[in-house]
Amino acid sequence: EKVAPMTFGSVARKDARAANIEIDEFAHYGDGLSLTEVREHLEAGGWSRQLEQYGREVETYQGKLAIVRERKRKAIMNDPALTARGESTVYQGENLTAVSFMVGGIGAGAVQYNGSAEPAIWQIACNHDQIKIDDSFLAIRAQPKGGKPVVRALQTKSVGPFAAMKSLEFIGEYPIATYRFEEPALPVEVELELFNPFTPMDLKSSAIPCMVSTVNVTNRSDAPVNVDLLAAQKNIVGYTSGATGSKPAYGQNRNHILRKGNATLLHMTKDGEGQGAGMDMVLMTRAEDATGLALWDSQETLYDTFSKDGKLDGADAAGPSSDKQTMNGALSVPLELAPGQSESVVFVLTWFMPKAEHGQTETWTHEGNMYANWWPNAMAV
């Protein structure tokens, strides 16, 4: 006969030891008992004296424990290292090959950026499979007064005709990732900051399904410079079913350019009742004089339009896409920088994929995200 040990409650006493116990009586209750009810049963069984003794011992132990905790708390709070300003670790060269920085709210899915500043892996549907999405990137156009424009992708890998930046440095301090670019051909300095809202002890504020991209541009030249910043995004509603890892269920995708107050938005949706139904995405900026393009069919076409004058001219609505196909949209923001002037432009990407599947096996799967209880769609986010 095999005997399995059982533990009744737990103790923190150093002199606690194992014992053989014979159970004389056993009672099964349909509901959990409160502490008061447990005590009443024990007293009815003649354990009043023991309860009082154990109560005194526990009180003494807890008092000693509180003293130790307070001593540790004071030591931590008075430690100069707690408030001392540390130095950021800057990654460059071969160290960049190990970078994979996740941006997205807690339990809301995420986009993983690599050491080239590429959004290399898309998991905003909380999918475990690592999916690469093309045609989603940032770019810059800079033209000094009287000079020729220079166009670059804000990453160290080219995107079709969008040439890559020469190099970059990376600083990763969650929830903020900073990419400092170097490109001698540009008359300005460029820095990209990525983050998702993170508020300690505030779950809802830390679980927003979004990614915030801030592009900081500084004119280090002696002449005025016109700068345009581009955010291109593929409509990937229906890009995955999550745990199953199936092929994208594109088709009937739509893009709309909307203007609400001082915001310009690219709203990405999908018609129908199949995979992707009830889901949407939004790319938004609140920068002044922003322009938007609901549809661009190739990287070459987008490059020609953007490099010309930085403006995106075209229809404000596109779709629905044909079966197994989706579409690309983009936003562009103009800046005028005097010598020494710095400006920042913020692009926000939100998503709403409430039917995301969690887990990879039949024994552990779950559908749905908590954020669907807080917001009705990506526009509300």
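Residue numbers (our numbering): 533 to 913. All residues carry an ideal CB built from backbone N, CA and C; glycine is no exception.
Report buried or exposed for residue i, applying the criterion of at least 16 other Cβ atoms within 10 angstroms of its Cβ.
i	result
residue 880	buried
residue 558	exposed
residue 767	buried
residue 765	buried
residue 567	exposed
residue 604	exposed
residue 555	exposed
residue 591	exposed
residue 857	exposed
residue 775	With a pLDDT of 41 at residue 775, under the threshold of 50, the modelled position of that residue is not reliable, and no figure is offered here.
residue 609	exposed
residue 675	buried
residue 789	buried
residue 792	exposed
residue 594	exposed
residue 667	buried
residue 574	exposed
residue 624	exposed
residue 672	buried
I believe residue i touches residue j by the beta-carbon criterion, under 8 Å. Please report the beta-carbon distance rounded to the nearest angstrom.
i	j	result
residue 759	residue 785	Not a contact, Cβ separation roughly 31 Å.
residue 813	residue 912	Not quite, the Cβ-Cβ distance comes to about 13 Å (not below 8 Å), so this is no contact.
residue 757	residue 716	About 15 Å separates the two Cβ atoms, so there is no contact after all.
residue 761	residue 747	5 Å
residue 680	residue 755	Their Cβ separation, rounded to whole angstroms, is 13 Å, which puts residue 680 and residue 755 out of contact at 8 Å.
residue 751	residue 872	6 Å
residue 787	residue 842	Contact flag wrong, Cβ pair sits at about 20 Å.
residue 749	residue 875	6 Å
residue 822	residue 864	7 Å
Thinking C-beta only, is residue j closer than 8 Å to residue i?
i	j	result
residue 648	residue 688	yes
residue 771	residue 653	no
residue 646	residue 622	no
residue 643	residue 743	yes
residue 783	residue 853	yes
residue 798	residue 815	yes
residue 902	residue 657	no
residue 862	residue 824	yes
residue 700	residue 712	yes
residue 890	residue 882	no
residue 818	residue 722	no
residue 633	residue 577	no
residue 745	residue 670	yes
Which residues mark the beginning and the end of the beta strand (DSSP E) in which residue i is found?
i	result
residue 685	682-685
residue 788	785-792
residue 799	795-802
residue 580	Counting along the chain, residue 580 falls outside any beta strand (DSSP E), though it belongs to the alpha helix (DSSP H) covering 580-609.
residue 723	720-727
residue 823	823-825
residue 654	651-655
Name the two residues that bound the continuous alpha helix (DSSP H) containing residue i.
i	result
residue 835	831-841
residue 735	735-738
residue 617	From DSSP, residue 617 is part of no alpha helix (DSSP H); its letter is neither H nor E.
residue 630	From DSSP, residue 630 is part of no alpha helix (DSSP H); its letter is neither H nor E.
residue 576	567-576
> Are the stretch 631-647 and the stretch 733-749 touching by the rule of at least three beta carbon pairs closer than 8 Å?
Replying inline: yes
>> With three or more beta-carbon pairs closer than 8 Å as the criterion, would you say the stretch 677-696 touches the stretch 817-834?
In response: yes
> At a cut of 8 Å, does the stretch 864-872 reach the stretch 724-738 through at least three beta carbon pairs?
Replying inline: no
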